[in-house]
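Asker: First to last, the sequence lines map onto chains C and G.
Be aware that the first sequence starts at 1, since it is given in the UniProt record's numbering, and climbs by one per residue.
Be aware that the second sequence starts at 1, since it is given in the UniProt record's numbering, and climbs by one per residue.
Even for Gly, the Cβ is constructed at its ideal location relative to N, Cα and C.
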Amino acid sequence: MANERDEVHPFEGRVDFPYWDGLGRDELLVQRCTGCARWSWPADWRCPRCGSYDLGWEPVEPRGVVYSWVRTHLAFVPAYAELVPYVNVLVELPGADGARLMGLFTGPEEGLEVGSVVTGTFQAPSARTLDLSVLTWSLEVAAA
Amino acid sequence: MKRPTGVAAVGYGATPYYRRGQSPHAERKLLLMAIDEAATMAGIDAAEIDGFVSYGADLEDGPRLTGPLGTKELRWSSLVWGGGGGGSSAAIAQAEAAILSGQAETVVVYRATAESTSGRLSSAVIQGVFGIQYRAHGIDSPAQALGLRTQRILANGVPPSALRAIARASYFHAGNTPHAVGRDVDLTDELYEGSRRIVDPIRLYDSSRENDAAAAIIFTSAERAADLTEKPIHLLASAYGAQGPRWGELDENHEPYTASSQASAARRMWDRTGLGPDDVDAVQLYVNFTGPPVSALVDLGFCTVEDAGEVLTYENLVAPTGALPINTSGGDLAEGFLHGMGNAVEAVRLLRGESYNPVPDAKVCLVSGGPISELSSVSLFGTEPLG
Numbered sequence: 001m002a003n004e005r006d007e008v009h010p011f012e013g014r015v016d017f018p019y020w021d022g023l024g025r026d027e028l029l030v031q032r033c034t035g036c037a038r039w040s041w042p043a044d045w046r047c048p049r050c051g052s053y054d055l056g057w058e059p060v061e062p063r064g065v066v067y068s069w070v071r072t073h074l075a076f077v078p079a080y081a082e083l084v085p086y087v088n089v090l091v092e093l094p095g096a097d098g099a100r101l102m103g104l105f106t107g108p109e110e111g112l113e114v115g116s117v118v119t120g121t122f123q124a125p126s127a128r129t130l131d132l133s134v135l136t137w138s139l140e141v142a143a144a
Numbered sequence: 001m002k003r004p005t006g007v008a009a010v011g012y013g014a015t016p017y018y019r020r021g022q023s024p025h026a027e028r029k030l031l032l033m034a035i036d037e038a039a040t041m042a043g044i045d046a047a048e049i050d051g052f053v054s055y056g057a058d059l060e061d062g063p064r065l066t067g068p069l070g071t072k073e074l075r076w077s078s079l080v081w082g083g084g085g086g087g088s089s090a091a092i093a094q095a096e097a098a099i100l101s102g103q104a105e106t107v108v109v110y111r112a113t114a115e116s117t118s119g120r121l122s123s124a125v126i127q128g129v130f131g132i133q134y135r136a137h138g139i140d141s142p143a144q145a146l147g148l149r150t151q152r153i154l155a156n157g158v159p160p161s162a163l164r165a166i167a168r169a170s171y172f173h174a175g176n177t178p179h180a181v182g183r184d185v186d187l188t189d190e191l192y193e194g195s196r197r198i199v200d201p202i203r204l205y206d207s208s209r210e211n212d213a214a215a216a217i218i219f220t221s222a223e224r225a226a227d228l229t230e231k232p233i234h235l236l237a238s239a240y241g242a243q244g245p246r247w248g249e250l251d252e253n254h255e256p257y258t259a260s261s262q263a264s265a266a267r268r269m270w271d272r273t274g275l276g277p278d279d280v281d282a283v284q285l286y287v288n289f290t291g292p293p294v295s296a297l298v299d300l301g302f303c304t305v306e307d308a309g310e311v312l313t314y315e316n317l318v319a320p321t322g323a324l325p326i327n328t329s330g331g332d333l334a335e336g337f338l339h340g341m342g343n344a345v346e347a348v349r350l351l352r353g354e355s356y357n358p359v360p361d362a363k364v365c366l367v368s369g370g371p372i373s374e375l376s377s378v379s380l381f382g383t384e385p386l387g
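(1) Report the rounded CA-to-CA distance for Ala34/G versus His179/G, giving the unit in angstroms.
(2) Alpha carbons only, please: which of Gly342/G, Thr321/G, Gly138/G is nearest the one belonging to Val287/G?
(3) Give me the subset of the segment 139-162 of chain G whose CB atoms are less than 8 Å from a CB atom of chain B, sorted by chain position.
(4) If contact means a Cβ-Cβ distance below 9 Å, which residues of the segment 62-81 of chain C contact chain G?
(5) Note down, in chain order, every chain G residue with its Cβ under 9 Å from the Cβ of Pro108/C.
(6) Start and end of the alpha helix (DSSP H) containing Asp227/G?
(7) What is the residue span of the alpha helix (DSSP H) that Asn193/G lies within?
(8) Inspect the CB distances between the segment 292-300 of chain G and the segment 250-263 of chain G and report whether three or more fall short of 8 Å.
(9) In chain C, which residues lie less than 9 Å from Pro371/G when you measure between Cβ atoms?
(10) Since Thr40/G is in the alpha helix (DSSP H), which residue starts that stretch and which ends it?
(11) Kindly give me the distance between the Cβ atoms of Thr177/G and Ser329/G, rounded to whole angstroms, as I take these residues to be in contact under 8 Å.
(12) According to DSSP, which residues form a beta bridge with Ile218/G?
(13) Listing by chain order, which chain C residues have their CB less than 9 Å from the CB of Leu191/G?
(14) Does the beta carbon of Gln243/G come closer than 8 Å to any beta carbon on chain C?
(15) Is the segment 113-128 of chain C touching the segment 182-192 of chain G, taking contact as three or more C-beta pairs under 8 Å?
(16) I want to verify the contact list: residues of chain C whose CB lies under 8 Å from the CB of Ala114/G, in sequence order.
(17) Starting from Gln31/C, trace the beta strand (DSSP E) both ways and give me its first and last residue.
(18) With H, G and I counted as helix, E and B as strand and the rest as coil, what does DSSP make of Pro293/G?
(19) Would you call the CB atoms of Ala266/G and Ala8/G closer than 8 Å?
(20) Measuring only between beta-carbons, confirm whether Arg197/G sits less than 8 Å from chain C.
(21) Please list, in chain order, all residues of the same chain as Trp57/C whose beta carbon is under 8 Å from its beta carbon, the five residues on each side excluded.
(22) I'd like to know if Gly248/G contacts chain C, where contact means its C-beta is closer than 8 Å to some C-beta of that chain.
(23) Can you find at least 3 beta carbon pairs, one from the segment 18-38 of chain G and one from the segment 210-227 of chain G, that sit closer than 8 Å?
(24) At the 8 Å Cβ level, is Asp6/C part of the contact set with chain G, yes or no?
(25) Return the first residue and the last residue of the alpha helix (DSSP H) that Asn316/G is part of.
(26) Does the distance from the CB of Gly120/C to the CB of Pro59/C come in under 8 Å?
(27) Using only the alpha-carbon positions, how far apart do Phe105/C and Phe11/C sit?
(28) Skipping 5 residues on each side, what residues in its chain have a beta carbon closer than 7 Å to that of Asp122/C?
(29) Alpha carbon to alpha carbon, how far is Ala47/G from Leu163/G? Give it in angstroms, no decimals.
(30) Please go through the same chain and pick out, in chain order, the residues whose beta-carbon is closer than 8 Å to the beta-carbon of Pro360/G, but skip the five residues on each side of it.
(31) Would you call the CB atoms of Trp137/C and Gly103/C closer than 8 Å?
(32) Check Gly353/G in the structure and name its three-state DSSP category.
(33) Taking 7 Å as the cut-off, does the CB of Gly147/G come closer than this to any heavy atom belonging to the ligand FMN?
(34) So what does DSSP say about Leu104/C, is it helix, strand or coil?
(35) Spatial neighbours of Ile139/G within its chain, please: C-beta separation below 8 Å, excluding the five flanking residues on both sides.
(36) At least one CB of chain C closer than 8 Å to the CB of Arg19/G: is that the case?
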């Protein structure tokens with residue numbers, strides 16, 4: 001596997017550690033600059049707008065709009081092979097100035113398109129998710 | 001020493017495109033053979049090459065090549081940082097910088113991929129782009145990331161027929177190219193539409209393969225090129241970079257989402273040369289999948305999102321009669337996939353009059369590096385130097 005640019009050991013040293021840590025408590029946290037209040041995603045060490053290194057984390061409702069989506073027919077990721085074909089969505093969060101999160105889509109697909117409203121469900125860690133807590137996403141009507 | 005006034009390609013070499021994992025030779029040997037072929041065409045001893053440039057996490061670094069080549073003096077060795085295939089013409093830009101500055105005199109630009117050394121290309125080219133924000137959710141391939149962008153390209157109003165035309169034109173040109181891996185495929189609309197789905201909205205025939213191969217182009221000053229060959233192919237301009245911040249996971253969060261990264265490099269290329277899309281006789285596009293090159297053509301100024309369906313038709317994209325011939329060897333889809341290096345080779349081949357799909361009176365050929373990448377690149381070749 002290719003090395004990853006944001007890799008830090010131990011894991012707690014990663015810039016996006018609070019995000020993963022929050023998901024484990026059923027909380028969606030997105031990085032936000034304490035200095036100028038700019039939402040910052042993906043998480044990084046320095047605010048590109050004001051130059052501050054003082055970046056905090058704010059809770060955001062796990063509800064968003066499908067910005068794009070794909071359905072994967074090949075087992076590009078061995079841990080996901082048994083789910084093929086599966087759908088991924090890139091979800092835009094209105095509650096975080098449009099920050100976009102990647103996620104697995106679950107549930108009925110009828111009506112799924114760019115612009116669909118989806119809600120997130122907190123999932124426990126598994127080998128499939130690299131032992132990380134994650135959000136999966138479903139159409140809002142189906143989740144209701 | 002007098003600084004060179006320009007840079008020219010004096011020779012190219014390319015091995016056959018083997019199926020992935022099937023090369024009878026190790027990766028470095030493939031590359032050495034490609035460099036030798038280029039040196040022979042250039043009329044130089046390979047030991048005279050004093051600069052080495054590659055991109056896309058190529059493992060064949062310059063110093064390691066000096067042994068078997070018997071390099072007399074190493075003066076330049078560099079790899080384009082980041083961007084994968086987006087760096088294909090950036091490597092040419094680094095060679096140009098080396099030669100124009102006088103750092104080096106004879107620079108080879110190359111790419112080599114063989115699974116026995118580099119592993120699966122789909123992993124080898126990624127350079128850590130797919131971090132855990134992707135992999136935890138089952139995303140770990142260019143097909144998936146570019147599928148997301150292709151979905152938006154279509155949602156923005158580019159008709160699917162434009163993507164199909166790029167695929168069909170590529171396979172048409174491959175049909176005339178004896179070494180092309182896709183030479184026997186008669187890609188009809190029906191075959192294309194019926195082909196199996198890889199990552200919706202990407203079909204099999206929207207997708208490049210993985211191949212074992214190597215290719216190389218030798219550059220030197222325009223002055224020296226004139227002494228070496230009767231057919232120097234002049235590098236009119238090269239450029240690379242991106243507009244604004246872009247990298248891996250940030251690419252899901254920047255605007256415009258479907259931007260090719262070619263706009264700023266293209267602007268500098270047109271400014272520097274005084275040329276524009278109307279002056280280009282053929283375009284060698286990077287086509288890992290058929291969506292991204294549409295973004296490239298928009299950002300390069302060949303069409304708009306609105307008229308992409310009218311400009312990007314099969315008839316328009318094929319040589320010798322189309323107004324905008326693309327990928328005259330079959331390109332990444334149908335000649336073979338060498339992470340874009342084959343496209344630069346074909347540009348030089350075409351302008352030397354050696355393409356199997358000649359474009360009548362072709363004088364200027366554009367090479368577009370991998371689009372929708374965190375950095376991208378362009379190079380513009382001509383049969384004559386700029387006036």
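Answerer: In brief:
(1) Numbered from 1 along the second sequence, position 34 holds the residue referred to as residue 34/G. Numbered from 1 along the second sequence, position 179 holds the residue referred to as residue 179/G. Rounded to whole angstroms, Ala34/G to His179/G spans 15 Å at the Cα level.
(2) As a first step, residue 287/G is located in the second sequence; it is residue number 287 there, counting from the start. When only C-alpha atoms are compared, the closest one is Gly342/G.
(3) The structure shown has no chain B; the protein chains it does contain are C and G.
(4) Tyr67, Ser68, Trp69, Val70, Arg71, Thr72, His73, Leu74, Phe76, Val77, Ala79, Tyr80
(5) Here residue 108/C refers to the residue found at position 108 when the first sequence is read from its first residue. Near Pro108/C there are no residues of chain G at all, since even the closest Cβ is about 17 Å away, more than 9 Å.
(6) As a first step, residue 227/G is located in the second sequence; it is residue number 227 there, counting from the start. Its alpha helix (DSSP H) spans residues 222-228.
(7) Start at 1 with the first residue of the second sequence, and residue 193/G comes out as number 193. The sequence given here places Glu at residue 193/G; Asn does not occur at that position. From DSSP, the alpha helix (DSSP H) with Glu193/G extends over 189-194.
(8) yes
(9) Taking the second sequence and counting its residues from 1, the one referred to as residue 371/G is at position 371. None at all; the shortest Cβ gap to chain C is about 17 Å.
(10) Stepping through the second sequence from its first residue, residue 40/G is reached at position 40. Looking at the DSSP string, the run of the alpha helix (DSSP H) that includes Thr40/G is 27-42.
(11) Position 177 of the second sequence, counted from the first residue, corresponds to residue 177/G. Position 329 of the second sequence, counted from the first residue, corresponds to residue 329/G. Correct: roughly 5 Å between the Cβ atoms.
(12) Stepping through the second sequence from its first residue, residue 218/G is reached at position 218. Ile218/G pairs with Gly11/G, Val108/G.
(13) Here residue 191/G refers to the residue found at position 191 when the second sequence is read from its first residue. The contacting residues do not exist; Leu191/G stays about 18 Å from chain C at best.
(14) In the second sequence, residue 243/G corresponds to position 243, counting from 1. It does not; no Cβ of chain C falls within 8 Å.
(15) no
(16) Residue mapping note: residue 114/G aligns to position 114 of the second sequence, counting from 1. Residues of chain C passing the Cβ test: none, with the nearest at roughly 18 Å.
(17) Within the first sequence, residue 31/C is the residue found at index 31, counting from 1. 29-33 is the span of the beta strand (DSSP E), which, as asked, contains Gln31/C.
(18) Numbered from its first residue, the second sequence carries residue 293/G at position 293. Pro293/G: helix per DSSP, three-state reduction.
(19) Here residue 266/G is taken as the residue at index 266 of the second sequence, counted from 1. Here residue 8/G is taken as the residue at index 8 of the second sequence, counted from 1. It is not a contact, given that the beta carbons lie outside the stated cut-off.
(20) Taking the first residue of the second sequence as position 1, residue 197/G is located at position 197. Taking Cβ atoms only, chain C reaches closer than 8 Å to Arg197/G, which makes this a yes.
(21) As a position in the first sequence, residue 57/C is number 57, starting the count at 1. Around Trp57/C: Pro18, Tyr19, Gly22, Leu29, Val30, Gln31, Arg32.
(22) What you label residue 248/G is simply residue 248 of the second sequence in a count that begins at 1. It does: the Cβ of Gly248/G has a partner Cβ on chain C nearer than 8 Å.
(23) yes
(24) Counting from one through the first sequence, the residue named residue 6/C turns up at place 6. Chain G contact via Cβ: present.
(25) In the second sequence, the residue the question calls residue 316/G occupies position 316. Run containing Asn316/G: 314-317, per the alpha helix (DSSP H) assignment.
(26) Here residue 120/C corresponds to residue number 120 of the first sequence, with the count starting at 1. Here residue 59/C corresponds to residue number 59 of the first sequence, with the count starting at 1. Their beta carbons are not under 8 Å apart, which means Gly120/C does not touch Pro59/C by this criterion.
(27) Numbered from its first residue, the first sequence carries residue 105/C at position 105. Numbered from its first residue, the first sequence carries residue 11/C at position 11. Phe105/C and Phe11/C: Cα-Cα distance of roughly 26 Å.
(28) By 1-based counting over the first sequence, the position of residue 122/C is 122. Looking at the sequence provided, one finds Phe at residue 122/C rather than Asp. For Phe122/C, where only same-chain residues beyond five positions count, the Cβ hits under 7 Å are Leu23, Asp26, Ser133, Leu135.
(29) Counted from its first residue, the second sequence places residue 163/G at position 163. Counted from its first residue, the second sequence places residue 47/G at position 47. Near 44 Å, if we compare the C-alpha coordinates of Ala47/G and Leu163/G.
(30) Translated into the one-based positions of the second sequence, residue 360/G becomes position 360. The residues are Pro320.
(31) Looking up residue 137/C in the first sequence gives position 137. Looking up residue 103/C in the first sequence gives position 103. Cβ atoms of Trp137/C and Gly103/C: closer than 8 Å.
(32) Stepping through the second sequence from its first residue, residue 353/G is reached at position 353. Reduced to three states, the DSSP call for Gly353/G is coil.
(33) As presented, the structure is devoid of all ligands, the ligand FMN included, so that no description of it is given.
(34) Within the first sequence, numbered from 1, the residue matching residue 104/C stands at position 104. The answer is strand: DSSP assigns Leu104/C an E or B state.
(35) Here residue 139/G is taken as the residue at index 139 of the second sequence, counted from 1. Within the same chain, Ile139/G has close Cβ partners Phe130, Ala145.
(36) For the purposes of this step, residue 19/G is identified with residue 19 of the second sequence, where counting begins at 1. It does not: the Cβ of Arg19/G has no partner Cβ on chain C nearer than 8 Å.
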